[in-house]
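Trainee: Whatever position you read off the first sequence (first residue = 1), add 41 for our numbering. Idealized CB from N, CA, C, for every residue including glycine. Structure below; questions to follow.
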Amino acid sequence: MSKVQNIKGMRDHLPQAMLLRQHILAVVTRVAERFGFEPLQTPVLEYAEVLEGKLGDEEKLIYRFEDQGGRRLALRYDQTVPLARVVAQYSGTLTLPWRRYAYGPSYRGERPARGRYREFYQFDADIIGSSSPLADAEIVALLSEALAELGFPGFTTLLNHRQVLGGIARVSGLDEQAAGGVYRAIDKFDKIGAAGVREELLRLGVSPAAADQILLLVQIEGEPAAVLAELAGRLAGDARATAALENLRAILVGLAAMGVPAERYRVAPRLARGLAYYTGMVFESITPHWPEGSLLGGGRYDELIGQFAGRPIPTVGLAFGIDRLHDVMEELGLGPRASSPATAYVTIFGAELAGASLSLARELRAAGVNTLVSLDPGAGLGKQLKEADRKGVHYALVLGPDELARGEVVLKDLRNGEQRSVPREAVLAAMGAEG
RNA sequence: GUGCCUGUAGCUCAAUGGUUAGAGCGCCUGACUGUGGAUCAGGAGGUUGUGGGUUCGAAACCCAUCAGGCACCCCA
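Below, the structure written as structure tokens:
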């Protein structure tokens, strides 16, 4: 390797990107803690056998290697399997139900594309050890508040249930074996359309009559309650699907009671999601401004967490894709776009006035104002203001001989170009007053 | 991992196989003041992703490789 570069599919996040990412993380964390979720962090490395056998054929995407001691290690593929390990390992000290959130990188050896990377950051929130539909509803409420506070316009969360899909497959005369391929075909509906899905189903060996039946059921749309009623009628012969629809109904009641606006979610029987371990409700949040895919997704997986503990531990959760949220927000112009966390820049008029400027900067910082100070007293005001401008700082402060003599400071608003001389002790108030 | 498309200045892009690879924006210096953006003048910046090959001659054509994008696959 002669060229200096980073690894394919893994990115450096320069300051402007980091400020937006930190904003996203701060908002999502705030919302999660508002719901009482507790933080957890686990290592990015796990013993390979911890990750193996949980993900099916996706295991080819796991980064694996040996350390110097010959131990077989793997980079975590998501934060769900490590969670299962933690729940088993600390079963004596954790009281269920447990709400936990986790933030950090995960790794998949995929072909990179826009919004998909080999190192990607996720914020996971899960409720471990509750099968209540209120837990499902709470996860959806959390995500709705987070996306709203991030400023996403017109997002919607699509809700479905694995056993509704199962019921659709069974009613159409398919057995469980065929189900996986059928789910994946259905999941492509928004991408390839009804005709495309039909073609795919036929290719999987589904009879034309069954394919038409599946397509009919999967395209049911409308008010959540109406969709549920329609499905209930058509899947009445299937006990598991009927129970699943009852479960979805209870979740919808919870969502309404939690104050989630009705336009923020709908029941979509065509939503499948690829991950094999989901057992109950599944969901995905989408926005018309990002047709490429979902902003986030999740669902209920009652089997996975208990695999290490040796007993079923019902769990529902979601993962925010920080990278994807970042890409979409950047494209839509949402969130902060500054390249510096500073809001103030203190100029230094000349070497002999450096002390006065530095103590002004110290006062601002003591009051909690992020403050940059010039490092080059000889540079001239023009150059210093240019630096302040380029950093996207809101205010520049000038402390020259005249101001010093009068005990004042020139406060310049770099956004509108207005400036005025204010008494030094009133600087903070003046900045606060102008936002 | 498979197929297709693309890599030229910091960014967006030009340049029939033929002089010394250009432009806009950005960047640096200066002109105007105790002051950013605007205007004007000047300047820096390139082994054309990398390595081979074809040719009298390659940014262009061929092969390999690396990286990015799109479609499979899957998903955040």
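Going straight from the alpha carbon of Ser147 to that of Pro123, what length do you get?
Mentor: If you number the first sequence from 1, residue 147 lands on position 106. If you number the first sequence from 1, residue 123 lands on position 82. C-alpha separation (whole angstroms): 11 angstroms.
Trainee: With distances taken between CB atoms, is the gap from Ala383 to Leu426 smaller than 7 angstroms?
Mentor: Within the first sequence, the letter at position 342 stands for residue 383. Within the first sequence, the letter at position 385 stands for residue 426. Their beta carbons are not under 7 angstroms apart, which means Ala383 does not touch Leu426 by this criterion.
Trainee: From Arg403 to Val369, what does the alpha carbon distance come to, in whole angstroms?
Mentor: Walking along the first sequence from the start, residue 403 turns up at place 362. Walking along the first sequence from the start, residue 369 turns up at place 328. Arg403 and Val369 have their C-alpha atoms roughly 38 angstroms apart.
Trainee: Would you report the Cα separation of Tyr162 and Tyr144, rounded to the nearest angstrom?
Mentor: Numbered from 1 along the first sequence, position 121 holds the residue referred to as residue 162. Numbered from 1 along the first sequence, position 103 holds the residue referred to as residue 144. Whole-angstrom Cα-Cα distance: 7 angstroms.
Trainee: Can you round the beta-carbon distance between Ser326 and Thr198 to whole angstroms, since I take them to be within the 8 angstroms contact cut?
Mentor: Position 285 of the first sequence, counted from the start, is the residue given in the question as residue 326. Position 157 of the first sequence, counted from the start, is the residue given in the question as residue 198. Indeed they touch by this definition, with Cβ atoms about 5 angstroms apart.
Trainee: Report the start-end ranges of each beta strand (DSSP E) in the stretch 348 to 432 that is 3 residues or longer and not cut off at the edges.
Mentor: 356 to 362, 385 to 387 and 412 to 414
Trainee: Hey, Val301 and Ser171: beta-carbon distance below 7 angstroms or not?
Mentor: Within the first sequence, the letter at position 260 stands for residue 301. Within the first sequence, the letter at position 130 stands for residue 171. Going by C-beta atoms, Val301 is not nearer than 7 angstroms to Ser171.
Trainee: My output table needs one value for Gly477: the three-state DSSP class, helix, strand or coil.
Mentor: Past the boundaries of the shown model lies residue 477; the chain is included only from 42 to 476, so the question cannot be answered.
Trainee: Rounded to a whole number of angstroms, what is the C-alpha to C-alpha distance between Phe349 and Ala129?
Mentor: As a working note, residue 349 is residue 308 in the first sequence. As a working note, residue 129 is residue 88 in the first sequence. So the two alpha carbons sit approximately 6 angstroms from each other.
Trainee: Which residue from Ala437, Arg341 and Glu466 puts its Cα closest to that of Glu179?
Mentor: Translated into the one-based positions of the first sequence, residue 179 becomes position 138. Out of Ala437, Arg341 and Glu466, Arg341 has the C-alpha closest to the C-alpha of Glu179.
Trainee: Is it the case that the stretch 187 to 197 contacts the stretch 74 to 86, given that we only count it when at least three CB pairs across the two stretches are under 8 angstroms?
Mentor: no
Trainee: Using a threshold of 7 angstroms, state whether the C-beta atoms of Gly214 and Leu245 are closer than that.
Mentor: Numbered from 1 along the first sequence, position 173 holds the residue referred to as residue 214. Numbered from 1 along the first sequence, position 204 holds the residue referred to as residue 245. Not a contact, by the Cβ cut-off of 7 angstroms.
Trainee: Could you name the residues that DSSP lists as bridge partners for Pro80?
Mentor: What you label residue 80 is simply residue 39 of the first sequence in a count that begins at 1. Looking at the DSSP assignment, Pro80 forms a beta bridge with Tyr142.
Trainee: Can you have a look at Val434 and say buried or exposed, based on whether 16 or more other CB atoms are within 10 angstroms of its CB?
Mentor: For the purposes of this step, residue 434 is taken as residue 393 along the first sequence, with counting starting at 1. Buried, by the Cβ-count rule.
Trainee: How would you call Asn201, buried or exposed, if buried means at least 16 neighbouring beta carbons within 10 angstroms?
Mentor: One-based indexing of the first sequence puts residue 201 at position 160. By the 10 Å Cβ count, Asn201 comes out buried.
Trainee: For the stretch 219 to 307, which segments carrying the alpha helix (DSSP H) assignment without a break, of at least 4 residues, lie completely within its bounds, in sequence order?
Mentor: 230 to 244, 249 to 259, 265 to 275 and 280 to 298
Trainee: Per DSSP, which one or two residues make a beta bridge with Asp165?
Mentor: Taking the first sequence and counting its residues from 1, one reaches residue 165 at position 124. DSSP lists Ala143 and Ala360 as the beta-bridge partner residues of Asp165.
Trainee: On the three-state DSSP scale, how would you describe Val205?
Mentor: Within the first sequence, numbered from 1, the residue matching residue 205 stands at position 164. It is helical.
Trainee: Please report how far the alpha carbon of Gly358 lies from the alpha carbon of Ala166, in whole angstroms.
Mentor: Along the first sequence, read from residue 1 onward, the residue named residue 358 stands at position 317. Along the first sequence, read from residue 1 onward, the residue named residue 166 stands at position 125. Taking the straight line joining both Cα atoms gives about 5 angstroms.
Trainee: Would the stretch 43 to 57 and the stretch 377 to 397 be scored as touching if the rule is three or more Cβ pairs under 8 angstroms?
Mentor: In the pairwise beta carbon analysis, the stretch 43 to 57 is classified as touching the stretch 377 to 397: at least three pairs are separated by under 8 angstroms.
Trainee: When DSSP labels each residue in this structure, what does Gly110 get in the three-state scheme?
Mentor: As a working note, residue 110 is residue 69 in the first sequence. Of the three classes helix, strand and coil, the one that applies to Gly110 here is coil, per DSSP.
Trainee: Can you tell which of Ala437, Gly441, Gly473 and Gly448 has the C-alpha that lies nearest to the C-alpha of Glu459?
Mentor: In the first sequence, counting from the first residue as 1, residue 459 sits at position 418. Among Ala437, Gly441, Gly473 and Gly448, the Cα nearest to that of Glu459 is on Ala437.
Trainee: Grab me the residues of Gly50's own chain with a C-beta within less than 6 angstroms of its C-beta, minus the 5 sequence neighbours each way, in chain order.
Mentor: Walking along the first sequence from the start, residue 50 turns up at place 9. Pro153, Tyr158 and Arg159, listed in sequence order.
Trainee: Can you name the residues that DSSP bridges to Met59?
Mentor: On the first sequence, residue 59 is found 18 positions in, with the first residue counted as 1. None, per the DSSP bridge assignment.
Trainee: Should Leu61 go down as buried or exposed, given a rule of 16 or more other Cβ atoms within 10 Å for buried?
Mentor: Looking up residue 61 in the first sequence gives position 20. Buried.
Trainee: Are there 16 or more other CB atoms within 10 angstroms of the CB of Gly263, so buried, or fewer, so exposed?
Mentor: As a first step, residue 263 must be located in the first sequence, where it is residue number 222. The residue in question, Gly263, is exposed, as its Cβ has fewer than 16 Cβ neighbours within 10 Å.
Trainee: Could you tell me the boundaries of the alpha helix (DSSP H) in which Asp119 lies?
Mentor: Here the question's residue 119 lines up with position 78 in the first sequence. Note, Asp119: premise wrong, no alpha helix (DSSP H); not H, not E.
Trainee: So the candidates are Arg275, Ala467 and Gly195; which of them puts its Cα closest to the Cα of Leu373?
Mentor: Residue numbering aside, residue 373 sits at position 332 when the first sequence is read from its first letter. The shortest Cα separation from Leu373 among Arg275, Ala467 and Gly195 belongs to Gly195.
Trainee: Between Arg378 and His367, what straight-line distance do the alpha-carbon atoms span, to the nearest angstrom?
Mentor: Position 337 of the first sequence, counting from 1, holds the residue named residue 378. Position 326 of the first sequence, counting from 1, holds the residue named residue 367. Going by the C-alpha atoms only, they are around 11 angstroms apart.
Trainee: In terms of DSSP beta bridges, what is Val65 paired with?
Mentor: Translated into positions along the first sequence, residue 65 becomes position 24. It should be pointed out that residue 65 corresponds to Ile in this sequence rather than to Val. Its beta-bridge partners do not exist; DSSP assigns none.
Trainee: With distances taken between CB atoms, is the gap from Leu452 to Ala429 smaller than 7 angstroms?
Mentor: Start at 1 with the first residue of the first sequence, and residue 452 comes out as number 411. Start at 1 with the first residue of the first sequence, and residue 429 comes out as number 388. For Leu452 and Ala429, no; Cβs fall outside 7 angstroms.
Trainee: Since Leu199 sits in a beta bridge, which residues does DSSP pair it with?
Mentor: In the first sequence, counting from the first residue as 1, residue 199 sits at position 158. Answer by DSSP bridge pairing, in chain order: Arg307 and Glu325.
Trainee: Among all the DSSP beta bridges, which residues are the ones paired with Val451?
Mentor: Taking the first residue of the first sequence as 1, we reach residue 451 at position 410. DSSP output for Val451 lists Val439 and Ser462 as bridge partner(s).
Trainee: Could you tell me the alpha carbon to alpha carbon distance between Glu65 and Thr136, rounded to whole angstroms?
Mentor: Start at 1 with the first residue of the first sequence, and residue 65 comes out as number 24. Start at 1 with the first residue of the first sequence, and residue 136 comes out as number 95. Position check: residue 65 holds Ile in this sequence, whereas Glu was assumed. Roughly 29 angstroms between the two C-alpha positions.
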